[in-house]
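The opening residue of the sequence shown carries number 1 in full-length UniProt numbering; numbering runs sequentially from there.
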Amino acid sequence: MNIQERINYFRQHWFVKNLAILQVGNFSNTLIQGLTGIIIARLLQPELFGIYAISFSLAGLLVMVVSFGIQDTGAAIVGGAYAQENHQGTKEAFLFLGRIAFIIAVLSVVAVLVAPTLAEKIYHNSRIGWYAGILVMASFISNTFLNFSALAYQVLGKIKQMTLLTFTDQTLRNILAVVLTALGLGVIGAMSGHLLGAGVMLIISIIVWERLRGNHPVFPSIREFFTQTSRAQVRKHISFSAWVALDKNIATLFNLLPILMVALYVSTTEVTYFKISLAYVNLVLGLMGPISTLLNVELPRMREEDPTILKKNFIRVSMYSLLCSVVLTIGALIISPIALRILYGHSFVPGVKYILGLGIYGAFLGIGIGLGAMWRALNKVKISILINTITLAIGIPGGLYLIKHFGVWGAVIMISAWFTVSHMASFFYIIRHMNHTQR
Numbered sequence: 001m002n003i004q005e006r007i008n009y010f011r012q013h014w015f016v017k018n019l020a021i022l023q024v025g026n027f028s029n030t031l032i033q034g035l036t037g038i039i040i041a042r043l044l045q046p047e048l049f050g051i052y053a054i055s056f057s058l059a060g061l062l063v064m065v066v067s068f069g070i071q072d073t074g075a076a077i078v079g080g081a082y083a084q085e086n087h088q089g090t091k092e093a094f095l096f097l098g099r100i101a102f103i104i105a106v107l108s109v110v111a112v113l114v115a116p117t118l119a120e121k122i123y124h125n126s127r128i129g130w131y132a133g134i135l136v137m138a139s140f141i142s143n144t145f146l147n148f149s150a151l152a153y154q155v156l157g158k159i160k161q162m163t164l165l166t167f168t169d170q171t172l173r174n175i176l177a178v179v180l181t182a183l184g185l186g187v188i189g190a191m192s193g194h195l196l197g198a199g200v201m202l203i204i205s206i207i208v209w210e211r212l213r214g215n216h217p218v219f220p221s222i223r224e225f226f227t228q229t230s231r232a233q234v235r236k237h238i239s240f241s242a243w244v245a246l247d248k249n250i251a252t253l254f255n256l257l258p259i260l261m262v263a264l265y266v267s268t269t270e271v272t273y274f275k276i277s278l279a280y281v282n283l284v285l286g287l288m289g290p291i292s293t294l295l296n297v298e299l300p301r302m303r304e305e306d307p308t309i310l311k312k313n314f315i316r317v318s319m320y321s322l323l324c325s326v327v328l329t330i331g332a333l334i335i336s337p338i339a340l341r342i343l344y345g346h347s348f349v350p351g352v353k354y355i356l357g358l359g360i361y362g363a364f365l366g367i368g369i370g371l372g373a374m375w376r377a378l379n380k381v382k383i384s385i386l387i388n389t390i391t392l393a394i395g396i397p398g399g400l401y402l403i404k405h406f407g408v409w410g411a412v413i414m415i416s417a418w419f420t421v422s423h424m425a426s427f428f429y430i431i432r433h434m435n436h437t438q439r
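Encoded structure:
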């Protein structure tokens, strides 16, 4: 098969086409979120944007606690039943997700009520909790029929429609957030935009669901979600995906905690400078996202087809990705004074010094590009959880000490150490494990 024939094969292969559609959708969502963050930052200016950033991180933490990655479990249950052409099992799986959504709704209400008090005690500003509560409710609304409809499209193999639905959700929510902020509503406008968008998408999702059900009676009706109970056997699915969900939640903590921790000791303006410096570096490194997506497929496939080449290719990809992250980071650091002024405006220029400090964080991020896929390919997700838990157990108190004594620079050191230590420990453990198994 020559190069042209190979290209044509991959262009026509259903899996590659679906993967390409997903990647385009993910990139578009990331771009929209990045642009929204930049526009809202310019509208709110440093002090208010700091409150916005803290509220967003607190909301993310509360959502993680009340939902615990149940979406991944739901996908496993529904996908497994539908693949076996078990129509009753598919319906009961969705009914199970409906029951879980009800539990999440109750917990979300509790989180909304608790958030202002929590924010008052921790940050001495109850408004942060109220703003976070708005996002928690928006997230819950999205976790109902929007998620159900997207999951239905996924099991039906309609990836284009699924991607369009999620893209519409992100676009609508972010546009409304920008519009309400621009109208002078400030932080509450930015948060309410997400809630209003989630409400509109709920209506759209219900219409989509009813149309799907009209063509595929295997899916339960809206009335059945409220009147019938599920008898789905979910224990094996939960045990299968719980570890993966826990691993993802710990990874989420790595991203949420730095903002929440630095806000304990510095002003909201300094929080803003740290937030935009981190967002800037991550936006540049986001160009490596397609590599990670492809490795989620390729590394498990290599392990099944030819385990002997898995180690070699893993090392090769990791080294190339490391080189790529170093080059991208150096380029980002060089242009950061100009880029920050153009993107965010003159008032955010003091954040440039923190971008320069995040050079080590950005440079070494590439070596972790294939770690998640390798942990799953080797069935060693528990080891990943252990490494990251130990990193946080030591890193959180150490980070608080650094932030207390060195301010934002302490947070820069902390996040650089967290990711570098976790990635290096994971990389060398995987190499050692493969050396041992190949003897």
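Just so it is clear, CB atoms sit at the ideal spot from N, CA and C, and this is done for glycine as well.
Limits of the alpha helix (DSSP H) - the one that residue i falls within
| i | result |
| --- | --- |
| N215 | G186 to N215 |
| F419 | V408 to T437 |
| V271 | T268 to L285 |
| S149 | N147 to V155 |
| T168 | I159 to L180 |
| S321 | L310 to L343 |
| M374 | L371 to A377 |
| M137 | S126 to I141 |
| K353 | V352 to G357 |
| I222 | I222 to T227 |
Contact under 8 Å by Cβ, residue i with residue j
| i | j | result |
| --- | --- | --- |
| Y131 | S55 | yes |
| A59 | F49 | no |
| I39 | V178 | yes |
| L333 | L365 | no |
| L253 | L392 | yes |
| D247 | V63 | no |
| S277 | Y361 | no |
| G189 | L195 | no |
| V78 | F94 | yes |
| Q170 | N282 | no |
| G351 | Y273 | yes |
| L260 | S57 | yes |
| A411 | P258 | yes |
| I403 | V271 | no |
| I206 | I222 | yes |
| S149 | W209 | yes |
| A245 | G37 | no |
Reference residue i; option with closest CA among the options
| i | options | result |
| --- | --- | --- |
| W264 | V187, G37, A377 and I51 | For the record, residue 264 in the displayed sequence is Leu; it is not Trp. Among V187, G37, A377 and I51, the Cα nearest to that of L264 belongs to I51. |
| A119 | G129, T268 and F314 | G129 |
| N388 | V412, N255, R211 and N29 | N255 |
| L386 | A425, T227, I38 and T308 | A425 |
| S267 | N125, G98 and A138 | N125 |
| I431 | F96, Y401, I315 and V106 | I315 |
| A198 | F167, H423, V284 and G351 | F167 |
| F102 | T117, V326 and M137 | M137 |
| L202 | S142, A53 and G133 | S142 |
| E92 | N435, F226 and L400 | F226 |
| L135 | A150, A111 and K312 | A111 |
| V284 | G407, T117, A251 and A363 | A363 |
| L43 | P397, T144, N249 and S347 | S347 |
| E224 | R99, S336, S384 and L340 | R99 |
| I250 | H436, S422, G37 and L176 | S422 |
| W409 | T437, R376, I367 and G359 | G359 |
| A115 | L151, R127, M434 and I415 | R127 |
Exposure of residue i, with buried meaning 16 or more beta-carbon neighbours within 10 Å
| i | result |
| --- | --- |
| F419 | buried |
| L113 | exposed |
| M374 | buried |
| L183 | exposed |
| I330 | exposed |
| N174 | buried |
| G369 | The sequence shown places Ile at residue 369, not Gly. Label assigned to I369: buried. |
| G214 | exposed |
| G157 | exposed |
| N147 | buried |
| Y320 | exposed |
| L287 | exposed |
| Y401 | exposed |
| I394 | exposed |
| T47 | With the sequence shown as reference, residue 47 is identified as Glu, and Thr is not the correct amino acid for it. By the 10 Å Cβ count, E47 comes out exposed. |
| L378 | buried |
| H405 | exposed |
| L371 | buried |
| L328 | buried |
| T308 | exposed |
| P397 | exposed |
| F10 | Confidence in F10 is poor, its pLDDT being 45 and thus under 50, which makes the residue's placement too unreliable to answer from. |
| H436 | exposed |
| L323 | exposed |
Check: residue i C-beta below 7 Å from any heavy atom of the ligand ADP
| i | result |
| --- | --- |
| G157 | Looking at this structure, you won't find the ligand ADP or any other ligand, since it has none at all. |
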